[in-house]
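Report on the structure given below.
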RNA sequence: CGGGGCAUAGCGCAGUCCGGUUUAGCGCGUUUGGUUCGGGACCAAAAGGUCGGAGGUUCAAAUCCUCUUGCCCCGACCA
């Protein structure tokens, strides 16, 4: 491709509404154009990179016996009513009516559609297991888009769904998919770590997320460097030693105006670990009190999952009054008529300081079982930096990550409601067991930049680069020899099936180099009077120090370098 | 949905508080001609705006008032 004819545009200035590195680079390099909040057009440069990623994904999906299909973007509400999700999913699903008044929706995920396809085809155990996948646009009316391609409303996703006769088979296949995922990301030049995750609204029995480690990530990851324990903060656990001692007599203390754990523990000269706090949430019709050791935070994802609800809000003062709770001094002691959930940390520690449920008073030496009790003792705490690994006791590290893929064991959530069944050897009918596997393609593209590019320079992995080679000819107007050499090199690589971009524009060297930095090809060949005088073409591989290669040896050299670059991505 | 910010030429911005010397300006980019040519070159000329939209106040509005739309950031939320 000749750059003089190519459809693209680079921008020198920083785009004002881009914050993340990947967003700035994608705009400045002329990869994407925003059309609306979270909705982008892709220019040729971006589309080439996306196609390369998609190709890698297809190859790996095919290797684990997947069949590519295409499921509709627009679906009737009736299909989603079969699983109840037309009701269950909130406003992130865009709904509308067609001309006949029929309720329709834009697909945000495709369990219903694929299950509908599966039940149409599958009758027998002989047809199982099978996996179907697609690469397709999804729309989610995200309440908050951010970061360019990192969190958008319209996006390309690879989603795959597997179908099995039993859970053992699902587990086996899940492992294959897991390995395939790691393969895909490493072929794309992106280091990911997989972490156990929350199953969320998908339901099911297990889930892993694939995370690109980056400061700009939206998820918090808990890692143990010693034993390899990895989990999303949403599900992570820590090993804790709880204060166990003989129960002491409880006793009220005057704590005027001291509401926070910090203030109270400072005032009474005790550690926050010796206190507990009570938080009241409104969960729709009722309110629940949650009690946790004072130094810990309630993990709202864990709590929501335990309660099997989606929306969790702090109770308003008015509601607290209704239950006789004094804000700032809330306590589970003498709690009436309110559901009480106790975190393990509060249940297993002795002699904690609690609010007295009385203005300006706390109570010392409160003990679970004696002073308050509940049948609901569960883990609803978040892991803090520096806590110990649940498996090996080593100090845990906290880092941020961008979720680029996830895999779920779905079970029969969709097959049972949609009657997707098969007959086994004995003629017995059973629900098909399902798994599902997603990758956000655009987010993957952006994550690669987020992790490995510099502020003014993109360095694509060769597997993803829009063009493997960029050829730059300098000052061609002045030096015929440069022009002729560059032209013949260009032809040579074209005939050898390289993807090469040739900067044949009439522009100054700096201008061309800076554009090349945004186009980000891993192999850069520069031809100029200077390079010719030194014996040939200047070659730069992955921003390393440039070297001069004789024109006659250029093809072999580049071939070898290309192979090396690819082999690094295995 | 809560909090904060922004909207003026293709892009980045100044001007807005305090209405009138502004015929709405600057930088980048674009077009034409010339000179340059190894890290965003230089000179000259030119094109490009109903100041996000609607209504109002006023002799006079980019500037003041009301409403409205879009976008960004933080939080809530997120298969």
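Numbering (the numbering used here), first residue to last: 350 to 919. Even glycine gets a Cβ: it sits at the ideal position worked out from N, Cα and C.
Excluding its 5 nearest sequence neighbours in each direction, residue 650 has C-beta neighbours in its own chain below 7 angstroms: 547, 583, listed in chain order.
Within the stretch 585-646, the complete alpha helix (DSSP H) runs of at least 4 residues fall at 610-617. For residue 798, there is no enclosing beta strand (DSSP E); the enclosing alpha helix (DSSP H) has its first and last residue at 790-801. Taking a C-beta distance under 8 angstroms as the contact criterion, residue 543 and residue 559 qualify as a contact pair. Exclusion of the five residues before and after residue 498 leaves 371, 372, 375, 381, 389, 504, 791, 792, 794, 795 as the residues of its chain whose Cβ lies within less than 8 angstroms of its Cβ.
With fewer than 16 other beta carbons inside 10 angstroms of its own, residue 917 counts as exposed. Judged by DSSP secondary structure, residue 556 falls within the beta strand (DSSP E) whose first and last residues are 555-562. Non-local beta-carbon contacts of residue 569 in its own chain, meaning distances under 7 angstroms to residues more than five positions away in sequence, involve 582, 747, 749 in chain order.
Assignment of residue 825 by DSSP, reduced to helix, strand and coil, places it in the coil class. Here residue 386 is exposed. Its C-beta has fewer than 16 other C-beta atoms within 10 Å. DSSP, read as helix, strand or coil, puts residue 386 in coil.
C-alpha of residue 890 to C-alpha of residue 473: approximately 54 angstroms in a straight line. Boundaries of the alpha helix (DSSP H) around residue 437: 434-437. If you draw a 10 Å sphere on the C-beta of residue 459, you find 16 or more other C-beta atoms in it, and that means buried.
The beta carbons of residue 620 and residue 702 sit no closer together than 8 angstroms. Nearest in C-alpha terms to residue 636, of all of 690, 646, 644, 611, is 690.
Going by beta carbons, residue 409 and residue 431 fall outside the 8 angstroms limit. Per DSSP, residue 412 is not a residue of any beta strand (DSSP E); the alpha helix (DSSP H) it occupies stretches across 393-412. Runs of the beta strand (DSSP E) lying entirely within the stretch 687-766, each at least 3 residues long, are 688-692, 701-707, 710-715, 746-760 in chain order. Straight through space, the alpha carbons of residue 816 and residue 870 are spaced by roughly 6 angstroms. Contact between residue 420 and residue 868 is absent: CB atoms are separated by about 34 angstroms, not below the 8 angstroms threshold. If you look at residue 422, you'll find it isn't in any beta strand (DSSP E); DSSP assigns it neither H nor E. Per DSSP, reduced to three states, the secondary structure at residue 459 is coil, with no helix or strand assignment. Looking at the DSSP output, residue 479 sits in a beta bridge with 512. Across the structure, residue 646 and residue 407 are spaced so that their CA atoms are roughly 42 angstroms apart. DSSP places residue 670 within a helical segment (H, G or I) once states are collapsed to three. Excluding five sequence positions before and after residue 514, the CB atoms of its chain that fall closer than 6 angstroms to its own CB belong to 474, 477, given in chain order. In this structure, residue 490 keeps its C-beta atom at 8 angstroms or more from the C-beta atom of residue 567.
In the DSSP assignment, residue 655 falls within the alpha helix (DSSP H) that extends over 649-656. Contact between residue 640 and residue 625 holds, since their C-beta atoms are separated by about 6 angstroms, short of 8 angstroms.
The Cβ atoms of residue 428 and residue 444 lie no closer than 8 angstroms to each other. Rounded to whole angstroms, the Cβ separation of residue 727 and residue 692 is 7 angstroms, and the two are in contact under 8 angstroms. A Cβ-Cβ separation of about 5 angstroms places residue 525 in contact with residue 413 under the 8 angstroms criterion. Taking the C-beta atoms as reference points, residue 396 is found no nearer than 8 angstroms to residue 799. With contact defined as three or more Cβ pairs closer than 8 angstroms, the stretch 850-858 and the stretch 806-820 are in contact. In the DSSP assignment, residue 872 falls within the beta strand (DSSP E) that extends over 872-876.
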